[in-house]
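Q: When you line the sequence shown up against mature numbering (1 follows the signal peptide of the UniProt record, and there is no 0), it's residues -21 to -1, 1 to 123, in that order. Glycine residues also receive a C-beta, built at the ideal position from the N, C-alpha and C atoms. Let me begin by handing over the structure; questions about it come next.
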Amino acid sequence: MFRAILSVLILTLAFVGNVSAEQKQKVGNYDIHYVALSSTFLTPSIAKSYGIKRSSYIGIINISVLDTSQEGNPPVPVEISGIANNLLDARINLKFREIREGKAIYYVAEVPYRDDQEINFKVAIKYNKKLNTQLKFKQKFYVE
């Protein structure tokens, strides 16, 4: 199922100009992969299976952390929390859900938005005493 979701995301991002492709931040021995996009890019069946509401006004944030010091770069379970805010500084606490598919581990949160709205994200990520960092990025969302 993870491969299906990843395939849908990659194919969608390849054909959509208004969504930035997956991004990555390297912190020590860890690669933090993240992407933010409209929930409408998920197929109805995938959204339903994970309890994600598909709407032109709801975005999803997907984050995964990989340990590059180990062979195969396995994913690691992290503590994750975050805040999203728009340019008017309206803040939303992000509620991440851990999803495990086989060996894959990723974290998904939903965020509401309006058309042509840029949202700033601040996400705290911790893994034991080995990783303690903050991921900051922004994404502009559009209503279809």
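So, with DSSP's three-state summary, where would you put Ala63?
A: Walking along the sequence shown from the start, residue 63 turns up at place 84. In the structure shown, Ala63 sits in a strand (DSSP, three-state: E or B).
Q: Cα separation between Thr22 and Ala15?
A: Within the sequence shown, numbered from 1, the residue matching residue 22 stands at position 43. Within the sequence shown, numbered from 1, the residue matching residue 15 stands at position 36. Per the coordinates, the alpha-carbon of Thr22 lies some 16 Å from the alpha-carbon of Ala15.
Q: Considering only residues of the same chain and omitting the five flanking positions on each side of Val(-6), which have a CB-CB separation below 7 Å?
A: Here residue -6 is taken as the residue at index 16 of the sequence shown, counted from 1. Bear in mind that the predicted position of Val(-6) carries a pLDDT of just 38, short of 50, making it unreliable; the figure below should be weighed with that in mind. Once the five neighbours on either side are set aside, Val(-6) has no close Cβ partner at all.
Q: Please report the residue range of the alpha helix (DSSP H) in which Lys27 lies.
A: For this step, residue 27 is matched to residue 48 along the sequence shown. Per DSSP, Lys27 belongs to the alpha helix (DSSP H) from Pro23 to Ser28.
Q: Have a look at the DSSP bridge pairing and note the partners of Tyr86.
A: For this step, residue 86 is matched to residue 107 along the sequence shown. According to DSSP, Tyr86 bridges with Ile42 and Glu77.
Q: Below 9 Å between beta carbons: does that hold for Ile40 and Gly61?
A: Here the question's residue 40 lines up with position 61 in the sequence shown. Here the question's residue 61 lines up with position 82 in the sequence shown. Yes.
Q: Assuming Leu45 contacts Pro53 (C-beta within less than 8 Å), just tell me the rounded distance between them.
A: As a working note, residue 45 is residue 66 in the sequence shown. As a working note, residue 53 is residue 74 in the sequence shown. About 7 Å separates the CB atoms of Leu45 and Pro53; that is less than 8 Å, so the two are in contact.
Q: Is Ile25 near Tyr86, with beta carbons less than 9 Å apart?
A: For the purposes of this step, residue 25 is taken as residue 46 along the sequence shown, with counting starting at 1. For the purposes of this step, residue 86 is taken as residue 107 along the sequence shown, with counting starting at 1. No, Cβ-Cβ distance for Ile25 and Tyr86 is not below 9 Å.
Q: Give me the Cα-Cα distance between Gln113 and Asn107, rounded to the nearest whole angstrom.
A: The residue labelled residue 113 in the question sits at position 134 within the sequence shown. The residue labelled residue 107 in the question sits at position 128 within the sequence shown. Spanning the two alpha carbons is a distance of roughly 15 Å.
Q: Among residues of its own chain, excluding the 5 on either side of residue 147, which ones have a beta-carbon nearer than 8 Å to its beta-carbon?
A: Given a span of -21 to 123 for the chain in the structure shown, any question on residue 147 remains unanswerable.
Q: Assuming the contact rule is C-beta atoms closer than 8 Å, Glu58 and Lys5 should be a hit. Round their C-beta distance to whole Å, please.
A: For the purposes of this step, residue 58 is identified with residue 79 of the sequence shown, where counting begins at 1. For the purposes of this step, residue 5 is identified with residue 26 of the sequence shown, where counting begins at 1. About 19 Å separates the two Cβ atoms, so there is no contact after all.
Q: Quick one: what's got a C-beta closer than 8 Å to Thr19's C-beta in the same chain, skipping five residues either side?
A: Along the sequence shown, one-based indexing puts residue 19 at 40. Excluding positions up to five away in sequence, the list reads Arg33, Ser34, Ser35 and Glu123.
Q: So for Thr19, helix, strand or coil by DSSP?
A: One-based indexing of the sequence shown puts residue 19 at position 40. In this structure, Thr19 counts as helix in the three-state DSSP scheme.
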